[in-house]
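Just below is one structure, and these are the notes that go with it.
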Amino acid sequence: DIRTKKYSQTINGKLSSQKRVKKYRNDNPEKKKAHSFINNLLQNSNFTRDICSICGKPNAEFHHENYELPNFGYWFCKKHHKEIHRGLT
Numbered sequence: 008d009i010r011t012k013k014y015s016q017t018i019n020g021k022l023s024s025q026k027r028v029k030k031y032r033n034d035n036p037e038k039k040k041a042h043s044f045i046n047n048l049l050q051n052s053n054f055t056r057d058i059c060s061i062c063g064k065p066n067a068e069f070h071h072e073n074y075e076l077p078n079f080g081y082w083f084c085k086k087h088h089k090e091i092h093r094g095l096t
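When we follow this note's numbering, the leftmost residue of the sequence shown carries the number 8, and every step to the right adds one.
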């Protein structure tokens with residue numbers, strides 16, 4: 008909502024967000040490692056984003072099936088990636 012958006016743009020909102028992100032990363036080191044693995048590939052090699060495995064949209068996001076296997080997963084557009092995490096697809 009509008010109040011949340013306004014708050015997130017304040018200094019306190021930004022600090023709160025940074026704190027939340029830091030806690031999430033500390034609580035989920037395997038997820039951080041898997042995400043970093045893919046991001047490093049995208050930045051430091053000829054590795055490029057693929058198309059969505061469902062609809063074929065370009066510039067998809069990588070979905071990890073198992074965070075202990077950081078190079079195994081599927082590419083989904085933002086819409087389908089959200090649906091996968093919500094259990095809708």
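All C-beta atoms in this analysis are idealised placements derived from N, C-alpha and C, irrespective of residue type, glycine included.
| Item | Value |
| --- | --- |
| Sequence-distant residues of the same chain with beta carbon closer than 6 Å to H71, five excluded per side | A41, G80 |
| Burial state of F54, where buried means 16 or more other Cβ atoms lie within 10 Å | exposed |
| Neighbourhood of I58 by C-beta, 7 Å cutoff - its chain only, sequence neighbours within 5 removed | K64, P65, A67, W82 |
| Pair within 7 Å by beta-carbon distance, Y14 and K38 | no |
| C-beta contact flag for I91 and F69 at 7 Å | no |
| C-alpha distance - P77 paired with S24, whole-angstrom precision | 26 Å |
| Other residues of its chain near G20: CB distance less than 7 Å, five sequence neighbours each side excluded | Y14 |
| G94 (DSSP reduced to helix, strand or coil) | coil |
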